[in-house]
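Asker:
There are 2 protein chains.
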Amino acid sequence: MSERISEAEWQVMEVLWHTSPLTAQDVAARLDDSGWSLATVKTLLSRLAAKGALATTEDGRRYLYAPAVDRAAVAAGESRRLVDRLFGGRPAPLVAHLAERGELSAADIAELEALIRELKP
Amino acid sequence: MSERISEAEWQVMEVLWHTSPLTAQDVAARLDDSGWSLATVKTLLSRLAAKGALATTEDGRRYLYAPAVDRAAVAAGESRRLVDRLFGGRPAPLVAHLAERGELSAADIAELEALIRELKP
DNA sequence: TTCTATCGACTACGTATGTAATCGTCAAGC
DNA sequence: GCTTGACGATTACATACGTAGTCGATAGAA
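Chains as they are written, first to last, in this note's numbering: chain P, 1 to 121; chain X, 122 to 242.
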């Protein structure tokens with residue numbers, strides 16, 4: 001476990017976190033807009049399986065792929081890494097940065113506010 | 122511009138964002154705990170200069186290195202990428218993840234709260 | 001003036017990543 | 001039965017990254 005998932009691989013994982021299990025064909029079909037060839041998608045699936053991020057079950061002559069890692073856990077780990085690296089572990093500066101660049105919608109702010117209210121007591 | 126800065130390179134940039142300009146020796150000295158050889162630090166400095174993240178001025182036979190990119194800008198870009206990739210651009214889930222894993226101190230929460238208060242119209 | 005320590009430049013090399021082609025095998029259709 | 005199309009496995013190859021050694025030039029010490 002705990003192997004990193006690259007950016008291209010992440011897109012493949014997204015498909016399978018959304019719907020699984022799927023065949024390589026199906027995954028590729030759902031990545032239509034990515035511009036990747038089927039071969040590329042297969043390579044990414046293999047690598048993800050090799051690093052334990054995907055589980056495979058045989059279905060006749062092919063595999064069905066399904067996530068073997070929890071999206072939330074991976075996302076949390078990656079978030080943690082970034083916040084540590086960029087902001088010394090403090091998340092507020094990250095939010096401040098996004099805010100400064102007008103990247104936060106009113107809905108985002110409301111969502112954060114609600115979250116903070118929950119966290120406070 | 123806009124070349125990515127890798128994780129090892131980031132550590133070098135941190136030194137120079139903190140104090141600059143510095144010679145390669147000085148940078149290496151300040152990265153003492155990294156375990157890198159001087160040669161490694163020099164390689165990282167060269168790569169950073171090549172990708173335009175560092176500016177060099179000649180000082181006799183050696184260079185003085187100084188950041189050529191703004192830390193806040195780079196951090197904002199990286200944050201943006203991560204939040205887009207992991208959370209569809211919404212920062213609240215990121216904060217929620219950190220919170221769930223008990224990664225937020227009371228001070229962090231207070232800081233976020235103050236920030237949100239400011240952001241609200 | 002000669003030696004030496006140091007500088008940046010160049011080279012090295014293993015692993016990761018993005019992107020894909022090819023190959024051997026087998027199931028299904030004819 | 002034979003062919004063909006689809007599988008996963010293997011191989012390919014350029015770029016990036018982490019980590020470092022070597023080399024030619026030169027400034028300074030002796």
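Just so you know, even glycine gets a beta-carbon here, dropped at the ideal spot from N, CA and C. All figures in this text were calculated on a predicted structure; none of them were measured in a lab.
1) When you compare the CB positions of residue 41 of chain P and residue 28 of chain P, do they come within less than 7 Å of one another, or not?
2) Identify the continuous alpha helix (DSSP H) that holds residue 91 of chain P and give its terminal residues.
3) If we count Cβ pairs, one from each stretch, closer than 8 Å, do we get three or more for the stretch 169-178 of chain X versus the stretch 125-144 of chain X?
4) Output the residue ranges of the beta strand (DSSP E) runs that lie fully inside the stretch 20-63 of chain P and measure 3 residues or longer, sorted by chain position.
5) Here's the rule I'm using: 16 or more other beta-carbon atoms within 10 Å means buried, otherwise exposed. How should residue 242 of chain X be labelled?
6) Taking C-beta to C-beta, are residue 229 of chain X and residue 80 of chain P nearer than 7 Å?
7) Can a CB atom of chain P be found closer than 7 Å to the CB of residue 217 of chain X?
8) Give a yes or no on whether 7 Å exceeds the smallest Cβ distance from residue 5 of chain P to chain X.
9) Could you check how far apart the C-beta atoms of residue 100 of chain P and residue 207 of chain X are, in whole angstroms? I think they sit under 8 Å.
10) Between the stretch 140-154 of chain X and the stretch 177-187 of chain X, can you find at least three pairs of beta-carbon atoms closer than 8 Å?
11) Let me check understanding here. Comparing Cα to Cα, which of P:73, P:23, P:12 lies closest to residue 35 of chain P?
12) For the stretch 130-153 of chain X, which residues have a CB atom closer than 7 Å to at least one CB atom of chain P, in sequence order?
13) Find the residues of chain P that neighbour residue 229 of chain X, judging by a C-beta separation of less than 8 Å, and give them in chain order.
14) For residue 31 of chain P, which residues in the same chain have their Cβ closer than 8 Å to its Cβ, ignoring the five residues on either side in sequence?
15) Using a Cβ-Cβ cutoff of less than 7 Å, which residues in the same chain neighbour residue 44 of chain P once the five nearest sequence positions on both sides are dropped?
16) So is residue 203 of chain X buried or exposed if we call it buried at 16+ other beta carbons inside 10 Å?
17) Please check the pair residue 112 of chain P and residue 216 of chain X, which I expect to be a contact at CB under 8 Å, by giving their CB distance rounded to whole angstroms.
18) Please name the residue, chosen from P:88, P:97, P:114, that lies closest to residue 213 of chain X on a Cα-to-Cα basis.
19) Is residue 73 of chain P near residue 218 of chain X, with beta carbons less than 7 Å apart?
20) Rounded to the nearest angstrom, what separates residue 60 of chain P and residue 110 of chain P at their Cα positions?
21) Check whether chain X comes within 7 Å of residue 111 of chain P, counting only Cβ atoms and requiring the distance to be less than that.
22) What separation, rounded to the nearest whole angstrom, lies between the Cα atoms of residue 190 of chain X and residue 138 of chain X?
23) Does the CB of residue 220 of chain X have a neighbour CB from chain P at under 7 Å?
Answerer: Quick answer:
1) Indexing the first sequence from 1 puts residue 41 of chain P at position 41. Indexing the first sequence from 1 puts residue 28 of chain P at position 28. Their beta carbons are under 7 Å apart, which means residue 41 of chain P touches residue 28 of chain P by this criterion.
2) Numbered from 1 along the first sequence, position 91 holds the residue referred to as residue 91 of chain P. Start and end: 91-100.
3) In short, these stretches touch, since the Cβ pair count reaches three.
4) Within the stretch 20-63 of chain P, the complete beta strand (DSSP E) runs of at least 3 residues are 54-59.
5) For the purposes of this step, residue 242 of chain X is taken as the residue at position 121 of the second sequence. Here residue 242 of chain X is exposed: its Cβ has fewer than 16 other Cβ atoms, across all protein chains shown, within 10 Å.
6) Within the second sequence, numbered from 1, the residue matching residue 229 of chain X stands at position 108. Within the first sequence, numbered from 1, the residue matching residue 80 of chain P stands at position 80. Not closer than 7 Å, so no.
7) The residue you call residue 217 of chain X lines up with position 96 of the second sequence. So yes, residue 217 of chain X belongs to the interface.
8) Looking up residue 5 of chain P in the first sequence gives position 5. The beta-carbon of residue 5 of chain P is placed no less than 7 Å from the nearest beta-carbon of chain X.
9) If you number the first sequence from 1, residue 100 of chain P lands on position 100. If you number the second sequence from 1, residue 207 of chain X lands on position 86. Cβ atoms of residue 100 of chain P and residue 207 of chain X stay farther apart than 8 Å, at about 20 Å.
10) Result yes; three or more Cβ-Cβ pairs closer than 8 Å.
11) The sequence position of residue 35 of chain P within the first sequence is 35, counting from 1. The shortest C-alpha to C-alpha distance from residue 35 of chain P to any of P:73, P:23, P:12 is the one to P:12.
12) Taken in chain order, the members of the stretch 130-153 of chain X whose beta-carbon sits within less than 7 Å of a beta-carbon on chain P are 131.
13) Within the second sequence, the letter at position 108 stands for residue 229 of chain X. Here the neighbours are 90, 91, 92.
14) Here residue 31 of chain P refers to the residue found at position 31 of the first sequence. Result list for residue 31 of chain P: 11, 12, 15, 41, in chain order.
15) Indexing the first sequence from 1 puts residue 44 of chain P at position 44. Around residue 44 of chain P, the same chain offers 8, 9, 12 as residues with beta carbons nearer than 7 Å, after the five sequence neighbours per side are excluded.
16) Reading the second sequence from its first residue, position 82 is the one you call residue 203 of chain X. Per the 10 Å Cβ criterion, buried.
17) To locate residue 112 of chain P, count along the first sequence from 1; it is residue 112. To locate residue 216 of chain X, count along the second sequence from 1; it is residue 95. Indeed they touch by this definition, with Cβ atoms about 6 Å apart.
18) Along the second sequence, one-based indexing puts residue 213 of chain X at 92. The residue among P:88, P:97, P:114 with its C-alpha nearest the C-alpha of residue 213 of chain X is P:114.
19) If you number the first sequence from 1, residue 73 of chain P lands on position 73. If you number the second sequence from 1, residue 218 of chain X lands on position 97. Between residue 73 of chain P and residue 218 of chain X, the C-beta spacing is not below 7 Å.
20) In the first sequence, residue 60 of chain P corresponds to position 60, counting from 1. In the first sequence, residue 110 of chain P corresponds to position 110, counting from 1. Taking the straight line joining both Cα atoms gives about 50 Å.
21) Reading the first sequence from its first residue, position 111 is the one you call residue 111 of chain P. Nearest CB-CB separation between residue 111 of chain P and chain X: below the 7 Å threshold.
22) Working through the second sequence from its first residue, we reach residue 190 of chain X at position 69. Working through the second sequence from its first residue, we reach residue 138 of chain X at position 17. About 9 Å.
23) Looking up residue 220 of chain X in the second sequence gives position 99. Interface residue, yes.
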